[in-house]
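Presented below is the structure to which this report refers.
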Amino acid sequence: MRLADLSWPDVARRAAILAVPIGATEQHGPHLPLSTDTDIAVGLCDRLAEVRPDVLVAPAVAYGSSGEHAGFAGTLSIGQEATEFLLVELGRSATETFEHVLFVSAHGGNAGPVGRAAARLRAESRDVSVFQPRWEGEPHAGRPETALQLVLRPGSVRMDRAVAGDGRSIGELMPVLREGGVRAVTETGVLGDPRAATAEEGADLLAELTSALVSHVDGWCPVREPGAVMPR
């Protein structure tokens, strides 16, 4: 269930875990929408809430640290410092209502600020955890992300525009990316080759990521016994 659909008394009766999808608004090649990272984070949180009734899904944080994608039209970045500050303040506010707060971050560029924000909140004795989906293969706008989007929002994918980008591994690319950003290695914004992506493989990957997320949450915050009183 989504937090934004409830009234405050409804939230007070259900309060337990708030899952916060954290994404970005940034280029994902000519074939995927700028919302791709946010869509993945929201999709995972929604699926978590389907199997954990004590989870509410917050409105997504759709802006983050995307400076590496500068130079591509539509990319909107608020930088690392602002992302960290936003999440710290959001976490402080959320823990007034929720016993547990989960950040689900689907943009790699947010890893630093998300991790630092969570650490600061935990230092303030707030129960905050972080889940960042990981998969093997192409890191950005390639086959895995395209396959996921073909499941999550198929109408937003333009496979007729899909083109291959730089095919080197992220380890090979990282020095150049740090120096000049994504624009320095690819004119299309694609790292990998999305053209063979299918919804079937996207469904399999989404199931794997969902399973990993559920396991993470079960280990961090076990399901309450039937009849247990929810915190108010």
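With our numbering applied, the sequence shown covers 9 to 240.
Ideal Cβ placement from N, Cα and C applies to all residues, glycine included.
Bear in mind the structure is a predicted one, so any value in this text is a computation, not a measurement.
Reference residue i, options the options, closest by Cα
i	options	result
A70	D62, V59, T83	T83
L181	L42, A12, C53, E76	E76
R100	G72, L129, N118	L129
T91	V231, R22, E208, T33	T33
D54	R161, A23, V65, I178	V65
A27	R232, P230, V225, L214	V225
P152	H36, A220, E97	H36
G189	A49, G72, A125, F80	F80
Assigned exposure category for residue i - 16 Cβ within 10 Å defines buried
i	result
G145	exposed
R134	buried
V231	exposed
S223	exposed
L11	buried
Residues bridged to residue i [DSSP beta-bridge criterion]
i	result
D174	L199
I30	V69, S113
R10	V65
Unbroken alpha helix (DSSP H) run spanning residue i, endpoints
i	result
S223	207-228
F93	87-102
V50	44-59
beta-carbon residue i near the ligand ATP non-hydrogen atom, thresh 7 Å
i	result
W143	The model on display carries no ligand, and the ligand ATP is accordingly not part of it.
Beta-carbon separation (whole angstroms), residue i vs residue j, contact threshold 8 Å
i	j	result
I25	V63	5 Å
F139	A23	Incorrect: roughly 20 Å between the Cβ atoms, too far for contact.
First and last residue of the uninterrupted beta strand (DSSP E) at residue i
i	result
V136	136-139
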